[in-house]
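Here the structure comes first, spelled out in structure tokens, and everything after it is commentary.
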Amino acid sequence: KQWYQRRVAITAGENFIILLLRSSAANSFHFMLLPLITALLLLADVSVQNELKIISTPDRTSRPDPCALTCAGATDWTDWIDSKIYPGRSYVMINGQECGFLSLPVVTTVGEGALGVFLDGLRGNRFFVYTQKQVSAAYANKNGWRVHWSAFGYNCE
Numbered sequence: 015k016q017w018y019q020r021r022v023a024i025t026a027g028e029n030f031i032i033l034l035l036r037s038s039a040a041n042s043f044h045f046m047l048l049p050l051i052t053a054l055l056l057l058a059d060v061s062v063q064n065e066l067k068i069i070s071t072p073d074r075t076s077r078p079d080p081c082a083l084t085c086a087g088a089t090d091w092t093d094w095i096d097s098k099i100y101p102g103r104s105y106v107m108i109n110g111q112e113c114g115f116l117s118l119p120v121v122t123t124v125g126e127g128a129l130g131v132f133l134d135g136l137r138g139n140r141f142f143v144y145t146q147k148q149v150s151a152a153y154a155n156k157n158g159w160r161v162h163w164s165a166f167g168y169n170c171e
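Sequential numbering from 15 applies to the sequence shown in my numbering.
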């Protein structure tokens with residue numbers, strides 16, 4: 015038998031459902047049911063619960079759970095700058111403006127490999143991450159060190 019596959023994308027509100035149907039060339043009954051299946055899926059009340067719950071934030075802001083947002087990224091390996099605040103250390107500035115947080119988020123950072131980092135200077139949607147040990151920016155950039163970060167905050171009232 016020859017088998018045919020047909021993918022149908024159905025949008026219901028913000029939810030996106032992909033339906034994959036298989037049928038033989040001789041029996042296309044399944045495809046005749048497609049409009050009915052589509053209508054049932056669109057009429058169904060599909061709801062998504064927000065699984066993120068923020069217990070506390072740096073500025074003690076609390077907003078409804080549906081406003082909670084996770085935003086994450088990684089710095090480029092050439093972003094390191096020599097610190098004037100902590101002589102001998104280097105830092106990267108993380109611009110989290112695209113996250114759209116309305117208050118200070120909770121931020122976690124992890125350095126690649128054996129790179130130890132700490133967060134200092136959480137200012138709005140910008141975060142400053144410093145090396146724990148004395149490491150020049152030139153050395154960090156040459157070795158391609160990156161910082162992976164996650165921020166958890168609110169993007170609505």
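Backbone N, C-alpha and C fix where the C-beta goes; we use that ideal spot for every residue, glycine too.
- Straight across, the Cα-Cα distance linking Arg137 with Leu116 is about 12 Å.
- A check of alpha carbon separations from Gly125 across Thr71, Asn157, Asp79, Glu171 identifies Asn157 as the nearest.
- 8 Å or more divides the Cβ of Thr84 from the Cβ of Tyr168.
- At a Cβ-Cβ threshold of 8 Å, Gln148 and Gly130 do not count as neighbours.
- In the DSSP assignment, the residues bridged to Ser164 are Ala86, Thr122.
- Excluding the 5 residues flanking it on each side, Gly135 has same chain C-beta neighbours closer than 6 Å at Phe142, in chain order.
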